[in-house]
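According to our numbering, the sequence shown is numbered sequentially starting from 2. Contents: one structure, followed by commentary.
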Amino acid sequence: ILAHAQYYREEWEEARQSFHHALQLHPYDWTALIGRATLHCDRNFYVAALLDIERVIDVDDQEAAPFALRANIHLTRGQHAEALRDYQYTLESDPDDDEARLQLARLQALTGNTSIALELLEPLLESPEDIEEEYFVPAALLRSQLSLTLGSVKPALQDAQSVVEQCPTEPW
(Lines of atoms letter the chains of each structure in order from A and count residues from 1; the text may use other names and numbers.)
(Lines give C-alpha, C1' and ligand atoms only; values in the text may rest on other atoms or scores of the structure.)
Protein backbone atom coordinates (compact mmCIF):
# COMPACT_ATOMS: atom_id res chain seq x y z
CA ILE A 1 0.00 0.00 0.00
CA LEU A 2 1.31 3.40 -0.98
CA ALA A 3 0.50 4.95 2.39
CA HIS A 4 2.79 2.53 4.23
CA ALA A 5 5.68 3.30 1.88
CA GLN A 6 5.14 7.00 2.43
CA TYR A 7 4.99 6.46 6.18
CA TYR A 8 8.33 4.62 6.20
CA ARG A 9 9.86 7.39 4.09
CA GLU A 10 8.53 9.85 6.71
CA GLU A 11 6.31 11.58 4.19
CA TRP A 12 3.74 12.21 6.91
CA GLU A 13 1.17 14.34 5.13
CA GLU A 14 1.27 12.24 1.97
CA ALA A 15 0.87 9.05 4.03
CA ARG A 16 -2.04 10.55 5.97
CA GLN A 17 -3.77 11.52 2.72
CA SER A 18 -3.15 8.06 1.22
CA PHE A 19 -4.54 6.31 4.32
CA HIS A 20 -7.53 8.65 4.23
CA HIS A 21 -8.14 7.92 0.54
CA ALA A 22 -7.87 4.16 1.11
CA LEU A 23 -10.40 4.44 3.94
CA GLN A 24 -12.79 6.45 1.77
CA LEU A 25 -12.79 3.50 -0.65
CA HIS A 26 -12.84 0.81 2.06
CA PRO A 27 -13.95 2.30 5.41
CA TYR A 28 -13.21 -0.87 7.40
CA ASP A 29 -9.86 -1.81 5.90
CA TRP A 30 -7.97 -3.05 8.98
CA THR A 31 -4.52 -2.39 7.52
CA ALA A 32 -5.33 1.17 6.52
CA LEU A 33 -7.01 1.90 9.86
CA ILE A 34 -4.10 0.61 11.95
CA GLY A 35 -1.65 2.36 9.63
CA ARG A 36 -3.39 5.69 10.03
CA ALA A 37 -3.72 5.17 13.78
CA THR A 38 0.00 4.47 14.01
CA LEU A 39 0.78 7.56 11.96
CA HIS A 40 -1.45 9.69 14.17
CA CYS A 41 0.15 8.22 17.29
CA ASP A 42 3.67 8.87 16.00
CA ARG A 43 2.72 12.47 15.22
CA ASN A 44 1.20 12.89 18.73
CA PHE A 45 -2.36 13.22 17.38
CA TYR A 46 -3.69 10.97 20.11
CA VAL A 47 -7.39 11.76 19.82
CA ALA A 48 -7.36 10.94 16.10
CA ALA A 49 -5.31 7.81 16.78
CA LEU A 50 -7.78 6.65 19.44
CA LEU A 51 -10.71 7.15 17.07
CA ASP A 52 -9.01 4.96 14.45
CA ILE A 53 -8.04 2.38 17.06
CA GLU A 54 -11.68 2.08 18.17
CA ARG A 55 -12.67 1.43 14.55
CA VAL A 56 -9.90 -1.15 14.19
CA ILE A 57 -11.11 -2.94 17.32
CA ASP A 58 -14.67 -2.86 15.95
CA VAL A 59 -13.39 -4.59 12.81
CA ASP A 60 -11.40 -7.24 14.72
CA ASP A 61 -11.22 -7.31 18.50
CA GLN A 62 -8.98 -10.38 18.58
CA GLU A 63 -5.87 -8.70 17.17
CA ALA A 64 -3.28 -7.55 19.71
CA ALA A 65 -1.81 -4.63 17.72
CA PRO A 66 -4.54 -2.03 18.30
CA PHE A 67 -4.60 -2.77 22.03
CA ALA A 68 -0.81 -2.35 22.23
CA LEU A 69 -1.02 0.93 20.35
CA ARG A 70 -3.83 2.17 22.57
CA ALA A 71 -1.84 1.10 25.66
CA ASN A 72 1.12 3.18 24.44
CA ILE A 73 -1.15 6.21 24.10
CA HIS A 74 -2.61 5.68 27.57
CA LEU A 75 0.89 5.36 29.01
CA THR A 76 2.00 8.56 27.28
CA ARG A 77 -1.03 10.35 28.71
CA GLY A 78 -0.38 9.03 32.24
CA GLN A 79 -3.46 6.81 32.21
CA HIS A 80 -1.78 3.87 33.92
CA ALA A 81 -4.89 1.79 34.71
CA GLU A 82 -6.03 1.92 31.09
CA ALA A 83 -2.53 1.16 29.81
CA LEU A 84 -2.25 -1.77 32.21
CA ARG A 85 -5.56 -3.21 30.98
CA ASP A 86 -4.58 -2.90 27.31
CA TYR A 87 -1.06 -4.30 27.80
CA GLN A 88 -2.55 -7.26 29.66
CA TYR A 89 -4.96 -7.91 26.80
CA THR A 90 -2.14 -7.54 24.28
CA LEU A 91 -0.01 -10.09 26.10
CA GLU A 92 -2.92 -12.51 26.47
CA SER A 93 -3.57 -12.23 22.72
CA ASP A 94 0.09 -12.36 21.73
CA PRO A 95 2.39 -13.82 24.41
CA ASP A 96 5.39 -13.18 22.14
CA ASP A 97 4.92 -9.40 22.12
CA ASP A 98 8.16 -8.43 23.86
CA GLU A 99 7.41 -4.71 23.87
CA ALA A 100 4.05 -5.21 25.58
CA ARG A 101 5.68 -7.59 28.06
CA LEU A 102 8.38 -5.07 28.97
CA GLN A 103 5.92 -2.17 29.24
CA LEU A 104 3.56 -4.24 31.39
CA ALA A 105 6.46 -5.22 33.67
CA ARG A 106 7.43 -1.56 34.00
CA LEU A 107 3.86 -0.61 34.91
CA GLN A 108 3.62 -3.43 37.43
CA ALA A 109 6.89 -2.30 39.01
CA LEU A 110 5.67 1.29 39.06
CA THR A 111 2.50 0.29 40.89
CA GLY A 112 4.43 -1.78 43.45
CA ASN A 113 3.65 -5.21 42.03
CA THR A 114 7.26 -6.34 42.12
CA SER A 115 6.62 -10.08 42.01
CA ILE A 116 4.35 -9.75 38.97
CA ALA A 117 6.90 -7.50 37.26
CA LEU A 118 9.67 -10.04 37.90
CA GLU A 119 7.53 -12.85 36.55
CA LEU A 120 6.77 -10.86 33.39
CA LEU A 121 10.48 -10.18 32.82
CA GLU A 122 11.55 -13.83 32.92
CA PRO A 123 10.82 -14.69 29.24
CA LEU A 124 12.84 -11.64 28.18
CA LEU A 125 15.86 -12.81 30.15
CA GLU A 126 15.99 -16.60 29.89
CA SER A 127 17.77 -16.65 26.51
CA PRO A 128 19.51 -13.33 25.81
CA GLU A 129 20.65 -14.54 22.41
CA ASP A 130 17.00 -15.00 21.34
CA ILE A 131 15.77 -11.61 22.56
CA GLU A 132 16.39 -8.32 20.79
CA GLU A 133 18.82 -6.06 22.62
CA GLU A 134 16.21 -3.30 22.81
CA TYR A 135 14.17 -5.55 25.13
CA PHE A 136 16.85 -7.57 26.88
CA VAL A 137 18.86 -4.62 28.20
CA PRO A 138 15.97 -2.69 29.79
CA ALA A 139 14.47 -5.95 31.12
CA ALA A 140 17.76 -6.95 32.75
CA LEU A 141 18.26 -3.48 34.20
CA LEU A 142 14.72 -3.40 35.55
CA ARG A 143 15.11 -6.83 37.12
CA SER A 144 18.42 -5.71 38.61
CA GLN A 145 16.75 -2.67 40.14
CA LEU A 146 13.82 -4.71 41.45
CA SER A 147 16.20 -7.28 42.91
CA LEU A 148 18.03 -4.53 44.76
CA THR A 149 14.78 -3.21 46.21
CA LEU A 150 14.12 -6.72 47.53
CA GLY A 151 17.62 -6.86 49.06
CA SER A 152 18.92 -9.44 46.57
CA VAL A 153 22.32 -7.99 45.72
CA LYS A 154 23.86 -11.03 43.99
CA PRO A 155 21.07 -11.46 41.38
CA ALA A 156 21.08 -7.69 40.82
CA LEU A 157 24.81 -7.77 40.11
CA GLN A 158 24.40 -10.77 37.79
CA ASP A 159 21.79 -8.93 35.72
CA ALA A 160 23.94 -5.81 35.56
CA GLN A 161 26.92 -7.92 34.47
CA SER A 162 24.84 -9.60 31.75
CA VAL A 163 23.98 -6.17 30.35
CA VAL A 164 27.67 -5.20 30.27
CA GLU A 165 28.48 -8.48 28.48
CA GLN A 166 25.61 -7.97 26.01
CA CYS A 167 26.72 -4.40 25.22
CA PRO A 168 30.47 -4.24 25.89
CA THR A 169 31.01 -1.01 23.93
CA GLU A 170 28.52 1.03 25.96
CA PRO A 171 30.02 3.40 28.54
CA TRP A 172 28.42 1.79 31.59
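Ideal Cβ positions, reconstructed from N, Cα and C, are used throughout, including at glycine. Treat the numbers as computed from the prediction; the structure is a model and nothing was measured.
Next item on the list: State the CB to CB distance for the pair LEU125 and ILE132, rounded to an integer number of angstroms; the pair is presumed to be in contact (CB under 8 Å).
Entry: 5 Å
Check: Are there three or more Cβ pairs, one per stretch, closer than 8 Å when the region 51 to 66 is compared with the region 79 to 87?
Finding: no
Notebook entry, point to check: How is the alpha helix (DSSP H) around THR170 delimited, first residue to last?
Noted result: Here THR170 belongs to no alpha helix (DSSP H), and DSSP marks it neither H nor E.
Next item on the list: Could you pull out every residue in the same chain whose Cβ sits closer than 8 Å to the Cβ of THR39, ignoring the five residues on either side in sequence?
Entry: TYR8, ALA50 and LEU70
Checklist line | Rounded straight-line distance, which links the Cα of LEU34 to that of VAL60 | finding: 10 Å
Next item on the list: Report all residues from its chain with a CB closer than 8 Å to the CB of THR112; omit the five preceding and five following residues, and keep chain order.
Entry: HIS81 and LEU85
Item checked: Nearest residue (CA-CA) to GLU15, options ALA4, SER148 and ALA23 -> GLU15 has its Cα closest to that of ALA4, out of ALA4, SER148 and ALA23.
Check: Are ASP98 and THR91 close, meaning C-beta to C-beta below 7 Å?
Finding: yes
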